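J.: To convert, note that position 272 of the sequence shown is 271 in numbering that gives the first Met the number 0; the numbers rise steadily by one, no gaps. Every residue gets a Cβ at the ideal spot worked out from N, C-alpha and C, and that includes glycine. None of the values given here were measured: they were computed from a predicted structure.
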Amino acid sequence: MLERRNFLKLAAAAPAAAAAPALAQPARPSCLPGWSSIPSRPASKIEVLYKTKHGQPNGLALASTPGQMWVLDQGAQHWVTLINIKDGSTVREFQADVVGPSGLVQDGNTMWITSTHNSIIVHCDLNGKTIAKYVTPGAGRIYEREDDPPARRSPLKPAWPDMKRGIGPAMTGNVGNNTGKGLPPGQLPLDAEEGSGGTGAHAILVDGDYLIYACPPARQIFTVNKKTWKVKASWPVPGNRTHGMSWGKDRSTIWSSDSNLNCFFRHDAETGNIHERVQLPSDSPVIHGAKLVGDDMYFCDDMGWMARFRI
0 MLERRNFLKL
10 AAAAPAAAAA
20 PALAQPARPS
30 CLPGWSSIPS
40 RPASKIEVLY
50 KTKHGQPNGL
60 ALASTPGQMW
70 VLDQGAQHWV
80 TLINIKDGST
90 VREFQADVVG
100 PSGLVQDGNT
110 MWITSTHNSI
120 IVHCDLNGKT
130 IAKYVTPGAG
140 RIYEREDDPP
150 ARRSPLKPAW
160 PDMKRGIGPA
170 MTGNVGNNTG
180 KGLPPGQLPL
190 DAEEGSGGTG
200 AHAILVDGDY
210 LIYACPPARQ
220 IFTVNKKTWK
230 VKASWPVPGN
240 RTHGMSWGKD
250 RSTIWSSDSN
260 LNCFFRHDAE
270 TGNIHERVQL
280 PSDSPVIHGA
290 KLVGDDMYFC
300 DDMGWMARFR
310 I
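#1: Rounded to whole angstroms, what is the Cα-Cα separation between D295 and F308?
#2: Please state whether the Cβ-Cβ distance between L326 and I130 is less than 9 Å.
#3: What runs of the beta strand (DSSP E), each 3 residues or longer, lie entirely inside the segment 142-190?
#4: Taking only the alpha-carbon atoms, compute the straight-line gap between G271 and D190 and give it to the nearest angstrom.
#5: Please name the residue, chosen from H266, K248, G199 and V104, that lies closest to G207 on a Cα-to-Cα basis.
#6: According to DSSP, is S281 part of a helix, a strand, or is it coil?
#7: Report yes or no: is there a C-beta of chain B within less than 9 Å of the C-beta of Q76?
#8: Leaving out five residues on either side along the sequence, give the residues of the same chain with a beta carbon under 7 Å from the beta carbon of V90.
#9: Of the residues P148, I273, Q55 and L61, which one's Cα is nearest the Cα of D161?
#10: Since I believe S258 is in contact with R240 (beta carbons under 8 Å), could you give me their beta-carbon distance rounded to a whole number of angstroms?
#11: Taking DSSP as the reference, what is the three-state secondary structure of W34?
#12: Sort I141, A232 and I112 by Cα distance to K132 and report the nearest one.
#13: Rounded to whole angstroms, what's the CA-CA distance from P216 to D86? Just pull it up for me.
#14: Please work out which residues of its chain come closer than 6 Å, Cβ to Cβ, to F263, disregarding the five sequence neighbours upstream and downstream, and give them in chain order.
#15: As a quick exercise: from H77, G172, R265 and C123, pick the residue whose alpha carbon is nearest that of S251.
#16: Here's the rule I'm using: 16 or more other beta-carbon atoms within 10 Å means buried, otherwise exposed. How should R3 be labelled?
#17: Distance check for N117 and P100, CA to CA, integer angstroms please.
#18: Under DSSP, the beta strand (DSSP E) around P56 begins and ends at which residues?
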């Protein structure tokens, strides 16, 4: 286990993280409380625990067996690894038919995976065999706002420096205003016949007949019926990079996170109203997948590390 002092050594040796975003939100959807009105508290001490099996962990999901968790890797091989939470040791793993995935959830003897970089939600068995593929309501190109926080970069060095990074056959220039065409922001060539790509969902949860997932292009959290694929509800979120989500200690609350705002939000599970914000320190790992285990919030940084803090 990496102690806090070792984490600080790693952080000092790595490129400096982007500055923490200013705690200001001059313009947000009117249904959200003002930034300053959200009760806030600092996160407790963050521990970097261990390396993940693969180098780009992006999603976490609790398994049906206590003490075990699924780790979804966004690398080109798209591994889904079942681990023992206490030490990160591998129980078993499989590969899924996804592109640049970000979230997963076990649903009985099956699993739902958000295949972010082709905007598909994949339903598969627990060995990776695809059962069905679905469109992602809310998918599209992530747009930029004038008041967006800067993108955070991890203060950690790659856990596996010799491992090639990348997410496989994903479209390039499909996020934000850089269309990859060498043109001014947001601009496409004159012969363009369609918009320049986009992405889909990040974190995903299951609630009976419904799936609940974060969709950064829409800046919302959606609830969709698994049978009819109709949207039941959607909530706006404060930031531009909603990532890991977790149920609270009961089904009355949901924790969402934002990688760039570097914090967790506790929502009312019925209304989406935000009850509080837990702010991580500016030198913390970047939040990707996240799951509450007992009193601890586990989260992975896509440099290949698992971390946690008492929430």
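T.: Considering the structure as presented:
#1: Straight through space, the alpha carbons of F308 and D295 are spaced by roughly 5 Å.
#2: The first residue shown for the chain is 0 and the last is 310, placing residue 326 beyond what the model contains.
#3: Taking only runs of at least 3 residues, no beta strand (DSSP E) segment lies wholly in the segment 142-190.
#4: One C-alpha to the other measures close to 42 Å.
#5: Ranking the options by Cα distance to G207, first place goes to V104.
#6: Three-state result, S281: coil.
#7: The displayed structure is made up of one protein chain only, and chain B is not part of it.
#8: Excluding residues within five positions, the ones whose Cβ falls inside 7 Å are Q67, L81, I82 and N83.
#9: That would be Q55, whose Cα lies nearest to the Cα of D161.
#10: At roughly 4 Å, the Cβ-Cβ gap stays under 8 Å, so R240 and S258 are in contact.
#11: In the three-state DSSP reduction, W34 falls in the helix class (H, G or I).
#12: Ranking the options by Cα distance to K132, first place goes to I112.
#13: C-alpha separation (whole angstroms): 35 Å.
#14: Only W254, S256 and V277 meet the Cβ criterion.
#15: Nearest of H77, G172, R265 and C123 to S251, Cα basis: R265.
#16: Only weak support is given to the placement of R3: the predicted model assigns it a pLDDT of 46, under 50, and the value that follows is read from those uncertain coordinates. Burial call: exposed.
#17: Taking the straight line from one Cα to the other gives about 9 Å.
#18: Counting along the chain, the beta strand (DSSP E) containing P56 begins and ends at P56 to L61.
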